[in-house]
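Participant:
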Amino acid sequence: MSMRRIALIPGDGIGPEITAAVLRILEAADFQAEWVYLDAGLDAIELGKPAMPPETISAIREIGLALKGPTTTPVGGGHTSANVALRKALDLYANVRPAKSLPGVRGPFENTHVDLIIVRENTEDLYAGIEFMPHPDMAQAIKVITRPGCKRLCEFAFDMARKQGRKRVTAIHKANIMKLADGLFLEEFYKAAKGYEEIKADDIIVDNCCMQLVTKPDQFDVMVTENLYGDIVSDLCAGLVGGLGLAPGANIGETCAVFESVHGSAPDIAGKGLANPTALLFSALMMLRHIGEYAKADLIGNAVVEVLAEGIHVTGDMGGRATTKEYTDAVIRQMQSTAVAV
Ligand SMILES: NC(=O)c1ccc[n+]([C@@H]2O[C@H](COP(=O)([O-])OP(=O)(O)OC[C@H]3O[C@@H](n4cnc5c(N)ncnc54)[C@H](O)[C@@H]3O)[C@@H](O)[C@H]2O)c1
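The sequence shown runs 4 to 345 under this note's numbering.
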């Protein structure tokens, strides 16, 4: 049987360090793949290419599956984000970001258990990139919300909720102010809900949602929203469960899926061996589940939970003193001892 091919973008800053750590753990779990290394981000820019080169996009389109490290977007200079380019080119319309409390990892609040998933629209909204200056003293950006875009996103969210046995899907919006754009989103949300009678469907205005998330986050289950609100609210949720170092993500389209952490390239700690590889690792576990490798995903996931609960070999962002390598070694040791015990 031929080995599964997976596109791999190590990325910038801490990207190569956390990618190496994740590959070591996957290998130790006996997950075999042919990794196809691709350029994006600063490496591509230095070669005079766009941050997301067309050949990288074509390769991912052909392979259908990618694991991506974070890429730096230089401020100014006309560089567009590699991520925005990739999501648009491959029509990766659903960005899935789970946020779950983990034993041993302290969030900002005691005794609060968070277990929610944000499904964020990934191709429209203010991120459609339609910005212009009609006057030197005025900039305008256009918010694009389409009916087909809302329909497929909301159906994706309900479908995912059903498959995972989730009980509630909440739409986040600002339809009280953006009556047409967010009104359209809300209309399609409730239309989609009709096909999923067993799941409770409700909605919340984005500002109230933020307040509720920091006061009573355990009330939420699956949340579905437009691009900009989802970008902001999902970082807030990452903060609720221990920070960006633990927040994974998946970008899903009809024919391709790209898995990447929520965080960026963290240039402030790059090359120091301090980065937490868990967010990229959890993204890789989402990828394993996406391709049906449940047992390997569980083996690795359980080992991570044990190492975090023990709290000794964890990186600085999780309150420990371990380097990326020491933490990775601890996860591999834990996995091997679990495998022996079984
Ligand atoms: N998906 C992506 O590729 C992606 C996402 C967000 C930002 N970016 C890019 O990344 C660059 C840096 O952005 P930023 O500084 O605003 O955000 P960032 O997420 O890179 O860093 C924010 C803070 O979190 C810390 N941090 C992030 N990930 C960590 C990890 N795994 N372990 C330990 N600490 C971690 C950093 O040290 C920093 O203090 C920018 O160029 C931005 O455009 C890329």
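For every residue, glycine included, the Cβ atom is placed at its ideal position computed from N, Cα and C. Computed from a predicted structure; not experimentally measured.
For phenylalanine 34, which residues of its own chain have a beta-carbon under 8 angstroms away from its beta-carbon, when the five flanking residues on both sides are left out?
Facilitator: Here residue 34 is taken as the residue at index 31 of the sequence shown, counted from 1. Cβ neighbours of phenylalanine 34 beyond the five flanking positions: Leu291, Glu296 and Lys299.
Participant: What is the rounded straight-line gap between the Cα of glutamate 85 and the Cα of methionine 55?
Facilitator: Your numbering for residue 85 matches position 82 in the sequence shown. Your numbering for residue 55 matches position 52 in the sequence shown. The residue you asked about is not glutamate; residue 85 is alanine in the sequence shown. For alanine 85 and methionine 55, the distance between alpha carbons rounds to 5 angstroms.
Participant: Determine the direct distance from the alpha carbon of methionine 338 to that of leucine 302, and round the result to whole angstroms.
Facilitator: Indexing the sequence shown from 1 puts residue 302 at position 299. Indexing the sequence shown from 1 puts residue 338 at position 335. Rounded to the nearest angstrom, the gap between the Cα atoms of leucine 302 and methionine 338 is 7 angstroms.
Participant: For the putative contact between asparagine 230 and arginine 109, defined by C-beta atoms under 8 angstroms, what is the C-beta separation to the nearest angstrom?
Facilitator: Taking the sequence shown and counting its residues from 1, the one referred to as residue 230 is at position 227. Taking the sequence shown and counting its residues from 1, the one referred to as residue 109 is at position 106. About 30 angstroms; that fails the 8 angstroms criterion.
Participant: Can you tell me whether isoleucine 335 is helix, strand or coil according to DSSP?
Facilitator: In the sequence shown, residue 335 corresponds to position 332, counting from 1. If DSSP states are grouped into helix, strand and coil, isoleucine 335 belongs with the helices.
Participant: Distance, Cα to Cα, glutamate 20 vs alanine 36?
Facilitator: Within the sequence shown, the letter at position 17 stands for residue 20. Within the sequence shown, the letter at position 33 stands for residue 36. Taking the straight line from one Cα to the other gives about 19 angstroms.
Participant: Just to check, is the beta-carbon of isoleucine 255 closer than 8 angstroms to a non-hydrogen atom of ligand 1?
Facilitator: Here residue 255 refers to the residue found at position 252 when the sequence shown is read from its first residue. For ligand 1, not one heavy atom lies less than 8 angstroms from the Cβ of isoleucine 255.
Participant: Taking the beta strand (DSSP E) that valine 122 belongs to, which residues open and close that run?
Facilitator: Numbered from 1 along the sequence shown, position 119 holds the residue referred to as residue 122. Here the beta strand (DSSP E) through valine 122 covers 118-124.
Participant: Looking at alanine 260 and histidine 293, is the spacing between their C-beta atoms short of 9 angstroms?
Facilitator: Taking the sequence shown and counting its residues from 1, one reaches residue 293 at position 290. Taking the sequence shown and counting its residues from 1, one reaches residue 260 at position 257. Yes; because the gap between Cβ atoms is below 9 angstroms, this pair is in contact.
Participant: Assuming contact is defined by CB atoms lying nearer than 9 angstroms, are alanine 102 and valine 308 in contact in what I supplied?
Facilitator: Counting from 1 along the sequence shown, the entry for residue 102 is found at position 99. Counting from 1 along the sequence shown, the entry for residue 308 is found at position 305. No. Outside cutoff.
Participant: From valine 345 to alanine 31, what does the alpha carbon distance come to, in whole angstroms?
Facilitator: On the sequence shown, position 342 is the one that residue 345 refers to. On the sequence shown, position 28 is the one that residue 31 refers to. Note that valine 345 has pLDDT 49, beneath the 50 cutoff, so the model's placement of it is unreliable and no number is given.
Participant: Roughly how many whole angstroms lie between the Cα atoms of alanine 47 and threonine 59?
Facilitator: What you label residue 47 is simply residue 44 of the sequence shown in a count that begins at 1. What you label residue 59 is simply residue 56 of the sequence shown in a count that begins at 1. Alanine 47 and threonine 59: Cα-Cα distance of roughly 10 angstroms.
Participant: Just to confirm the assignment, what range does the alpha helix (DSSP H) spanning glutamine 215 have?
Facilitator: Numbered from 1 along the sequence shown, position 212 holds the residue referred to as residue 215. Segment 209-218, the alpha helix (DSSP H) holding glutamine 215.
Participant: Straight-line CA distance for aspartate 205 to valine 225?
Facilitator: By 1-based counting over the sequence shown, the position of residue 205 is 202. By 1-based counting over the sequence shown, the position of residue 225 is 222. Their Cα atoms are separated by approximately 11 angstroms.
Participant: From the DSSP output, read off the bridge partner residues of alanine 69.
Facilitator: Here residue 69 refers to the residue found at position 66 when the sequence shown is read from its first residue. In DSSP, alanine 69 forms a bridge with Ala10 and Val261.
Participant: Hey, how far is the Cα of glycine 248 from the Cα of threonine 83?
Facilitator: Indexing the sequence shown from 1 puts residue 248 at position 245. Indexing the sequence shown from 1 puts residue 83 at position 80. Approximately 24 angstroms, taken between the alpha carbons.
Participant: By DSSP, does glutamine 35 sit in helix, in strand, or in coil?
Facilitator: Numbered from its first residue, the sequence shown carries residue 35 at position 32. Here glutamine 35 sits in coil by DSSP.
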